[in-house]
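Participant:
In our numbering, the protein residues as written are 18 to 1033.
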């Protein structure tokens, strides 16, 4: 036992440490009506007692059973227990010179707890999101040993299993007391409640609450004093709060300062409510996500005989926050509370922080704690999380179906995060508008709403609240609207929405302050089009459907390859069992050696896709923000590798904070063009705009832009064109066009180029400060005809693909059915046959020494694998029917087949039209064949895929590709035509010398053989 601050009238006995413990028999707590069960704690001499540490979970201390099976779709605990358990401890409570008031607290209980204090049943608590508290004054015996016994049950009390606070995929169904146990002693004359309502516009705070006294006669001798410490450390002048000497019942104030119970027997509440002006000598410092300034309020209850402090002092004596002099000895009670001077409102379609529009750059926190399996209780852990997130430019976090412990909120207040909390459910009770939710569900959620709003009110970081995740049908639910009204009445200083993610716009029957809708799939949008090469697109098709602010729901959800190297980090109660089947598959296919290449290539692809998807939101002038899913991986639902951080908040090495902040900051430069690829020397027009959600006007802004040609390393880039535009001032809260870049694509050869733009402005501290920079990649390709000088005599090509004939000038064109391998080889007039399908004659020609370029369509393959440019959405196991469940390309540097076609080993936007919708070639039956252009399949299926491969077959040589060279529209694109030309040069040249061999049986097992069509 650790007694804290024993000299104070209000102090806490820390009950953390060793407790007696035993798991309860299931039969002991069986029954449908939990509240009426007749059961009591085990006898203290019971031999079944063990010990356990509080705080802590049952599983991490060795209780529970090893799981029966390992899950492939999420992690698995080393031990699991679903049921109840008993705790007991004998506690010496110090003797009191005066009568006290006692509150018992449990933190971190999931889900239900019951308390016996000195043998008296004190009742049951069931909050998932707030402390479990009991007023135990009648049963406390000061100066004696007191017996405390508890029953904790982690079974599902209600059908709310989908919530991330306790789903198998996130925080798990943990049991225990993870935040600690405490007994708080309060004086009978005490500050009962305090609520501080900042008003930034007037520079005042409204201080409301009540004082509890044992009888009305004590009221006349009491005074209440308020001291406020400025964020700069200066103590402002003292204020005296007027007590209303009127008796109220304990029910007049909902919650005691620390108890779920009433104020206890023989107590009277004296309310106070007073507007206090902050000292004008010190300017009001507002709380923002960039500068989270916190004031400190100290409320002291004093005897009337005490002479209050006079005037304003830089540091009052004694310091009301720490010291205890003569004045402090006369205090009856004292409470402290931090607060921030901030306002958060909706104005039209914008969210407004302290009068300035703010764009929420958010991510989703899914209650993932890979070491403990439950939310941690250290402020430092959350400070680390927030500092990492802010280093990448994020200012907002959504708690997905939960609300975090108090240390989370303390850290959010200190670091400056704008937070959305949610009720703990992801249920289907509100899907049908005309069907009421079950009464017990509605009652419980209403109670949680009340408890949570009361608990979180003092935190300036708490700005948004949702009633749950993906709850409703198209038109909402009247019971949720009623809960929104209730929330606004209890705390009008926040914004509320009926649910996160579901429902349709325009809103019919929905009454939210703001809406969270998917920019991925809300009609008329589709997730397969969530990022494209066209950088002029936006999400206005959704944001135009409401007059309130709209935030993008669970945005992007692009994924990369799995990382088995993270297994060593799992040193707690969870094991990444999803890795076992994946690693087994990769090992058997001999693919483990390529993990690093796959991870880097798909990680690069993820970030390129994410950059465009996030910039598209910033181009949407009436979007209020996004909630990205996620900057970390998600361990469940099939394992979603969406993060550039792993679940431990460590970098994966696929990007840097500076790179992410180019498109994820207060101020973002946006470059817009309908094309990414051009013909060499072609005119380029790129619109430049700015999304400015900083806190101040940009003075004397100037934009410097450059077009840089790719010469290998960044330091070798050559400036191809450049310019500068000067502006006056750029106001906050808008997307503003700055002008258009007019240049020409590089005029020689095939090359990548980079367009870079920097925004600078004058501010108070430094003239012409760099505010933002961004870049955009394009490619140029020569418009080359297939002439004899480059390709030799085209008549040596036997082409059976009519769509290519206009490109293969002078080539011999004929039907594939007329291919006569014997004659072709004997005459020696043709050295390449191009076909779309395999026939007996083509196969005969190949096996006898011919050279064939096969361009099969999906219908010509026995195992075609659909692909798309964008990587897998979320994960394959949860969305198995999604089109194109692959993760991008991996290309070896220096691949001869590509010739001068620019590439860096990973998917990039100039490949989009070449691969989006293109079938991949499955090489699972050709283990010896190495892909020339490899398609990275999702890691659960792990097929060996390619867009192109080569092999020897018999005496001949074969090149197979599935690129859309037979699509005449796509062949008009510069990148498609150029790649075809480079591949043609390769297949006709001396470099085309495949090393691996395949059999005719392997060919016939992969490609459908087309019969010869005889003409009679």
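Idealized CB from N, CA, C, for every residue including glycine.
(1) With DSSP as the reference, label residue 330 as helix, strand or coil.
(2) Using alpha carbons as the reference points, say which of 295, 571, 257 lies closest to residue 418.
(3) How many angstroms separate the CA atom of residue 1027 from the CA atom of residue 682?
(4) Am I right that residue 440 and residue 485 are in contact with their C-beta atoms under 8 Å? What's the rounded C-beta distance?
(5) How far does the alpha helix (DSSP H) with residue 460 in it extend, from its first residue to its last?
(6) Using CA atoms only, rank isn't needed, just tell me which of 1001, 976, 890 is closest to residue 577.
(7) Looking at the structure shown, is residue 408 part of a helix, part of a strand, or coil, going by DSSP?
(8) Anyone know if the C-beta pair for residue 762 and residue 797 falls short of 9 Å?
(9) The alpha helix (DSSP H) spanning residue 430 covers which residue range?
(10) Looking at the unbroken beta strand (DSSP E) that takes in residue 708, where does it start and where does it end?
(11) Suppose the cutoff is 7 Å on Cβ atoms and the five residues either side in sequence are ignored; what does the same chain contact list for residue 920 look like?
(12) How many angstroms separate the CA atom of residue 448 from the CA atom of residue 745?
(13) What does DSSP give as the partner residues of residue 242 in its beta bridges?
(14) Indicate the three-state DSSP secondary structure (helix, strand or coil) for residue 550 in the structure shown.
(15) Are residue 726 and residue 697 close, meaning C-beta to C-beta below 9 Å?
(16) Taking the beta carbon of residue 986 as the centre, do at least 16 other beta carbons fall within 10 Å, making it buried, or is it exposed?
(17) Quick one: grab the DSSP three-state call for residue 288.
(18) Excluding sequence positions up to five away, which residues of its chain have a Cβ less than 7 Å from the Cβ of residue 33?
(19) Between which two residues does the beta strand (DSSP E) holding residue 413 run?
(20) Would you kindly check if the distance between the Cβ of residue 76 and the Cβ of residue 168 is under 9 Å?
(21) Between residue 574 and the rest of its own chain, which residues show a CB-CB distance below 6 Å, the 5 nearest in sequence each way excluded?
(22) For residue 737 and residue 720, which I take to be in contact (beta-carbon distance under 8 Å), what is that distance rounded to the nearest angstrom?
(23) Under the assumption that residue 317 contacts residue 348 (Cβ atoms under 8 Å), give the Cβ distance between them as a whole number of angstroms.
(24) DSSP three-state call for residue 634: helix, strand or coil?
(25) Pick helix, strand or coil for residue 121, following the three-state DSSP scheme.
(26) Which of the three DSSP states is assigned to residue 608 in this structure?
(27) Exposed or buried, residue 149, counting other C-beta atoms within 10 Å across all chains shown (16 or more means buried)?
(28) Just the Cα atoms here: how many angstroms apart are residue 702 and residue 772?
(29) Quick check: residue 553 and residue 636, are their CB atoms within less than 9 Å of each other?
(30) With a threshold of 8 Å, are at least 3 pairs of Cβ atoms found where one atom belongs to the stretch 216 to 227 and the other to the stretch 473 to 493?
(31) Figure out for me which residue from 290, 371, 387, 982 has the closest Cα to the Cα of residue 588.
(32) In whole angstroms, what separates the C-alpha of residue 850 from that of residue 867?
(33) Whose CA, out of 308, 895, 704, 1022, lies closest to the CA of residue 429?
(34) For residue 274 and residue 98, what's the separation of their Cα atoms in angstroms?
(35) If residue 568 and residue 644 are in contact, beta carbons under 8 Å, what's the gap, nearest whole angstrom?
(36) Given that a residue counts as buried once 16 or more other Cβ atoms are within 10 Å of its Cβ, and exposed if not, what is residue 249?
Facilitator: Taking the geometry as given:
(1) Annotation note: pLDDT 41 at residue 330 (below 50); position unreliable, no value reported.
(2) Distance from the Cα of residue 418 is smallest, within the candidate group 295, 571, 257, for 571.
(3) Annotation: residue 1027 to residue 682 spans about 57 Å, alpha carbon to alpha carbon.
(4) Indeed, because the Cβ distance is near 5 Å, the residues count as touching under 8 Å.
(5) It spans 456 to 473 - the alpha helix (DSSP H) in which residue 460 sits, taken as one unbroken run.
(6) Ranking 1001, 976, 890 by Cα distance to residue 577 puts 890 first.
(7) It is helical.
(8) Closer than 9 Å, so yes.
(9) Element bounds for residue 430: 423 to 432.
(10) Where residue 708 is concerned, the enclosing beta strand (DSSP E) starts and stops at 700 to 709.
(11) Correct list, in chain order: 908.
(12) Each residue's Cα considered, the two are about 51 Å apart.
(13) The secondary-structure analysis by DSSP pairs residue 242 across a beta bridge with 257, 317.
(14) Residue state, collapsed to three classes: coil.
(15) Result no, Cβ atoms of residue 726 and residue 697 do not sit closer than 9 Å.
(16) Counting the other CB atoms within 10 Å of its CB gives residue 986 a total below 16, which places it among the exposed residues.
(17) Strand.
(18) Same-chain partners within the cutoff: 71, 72, 197, 198.
(19) First-last of the beta strand (DSSP E) with residue 413: 413 to 416.
(20) No, Cβ-Cβ distance for residue 168 and residue 76 is not below 9 Å.
(21) These residues qualify, in order along the chain: 646, 659, 890, 891.
(22) Their Cβ separation, rounded to whole angstroms, is 17 Å, which puts residue 737 and residue 720 out of contact at 8 Å.
(23) Taking 8 Å as the upper bound for CB-CB distance, residue 317 and residue 348 are in contact here, some 5 Å apart.
(24) Of the three classes helix, strand and coil, the one that applies to residue 634 here is helix, per DSSP.
(25) Residue 121 carries a strand assignment under DSSP once its states are collapsed to helix, strand and coil.
(26) Residue 608: coil per DSSP, three-state reduction.
(27) Label assigned to residue 149: buried.
(28) Between residue 702 and residue 772, the alpha-carbon positions lie close to 11 Å from each other.
(29) Yes; because the gap between Cβ atoms is below 9 Å, this pair is in contact.
(30) Not touching, per the Cβ criterion.
(31) The shortest Cα separation from residue 588 among 290, 371, 387, 982 belongs to 387.
(32) Near 8 Å, if we compare the C-alpha coordinates of residue 867 and residue 850.
(33) Ranking 308, 895, 704, 1022 by CA distance to the CA of residue 429 puts 308 first.
(34) Its pLDDT being 42, under 50, residue 274 is placed unreliably by the model, and nothing is read from it.
(35) Contact check for residue 568 and residue 644: beta-carbon distance about 6 Å, within the 8 Å limit, so the pair qualifies.
(36) Classified as exposed, residue 249 has fewer than 16 neighbouring CB atoms from the shown chains inside 10 Å of its CB.
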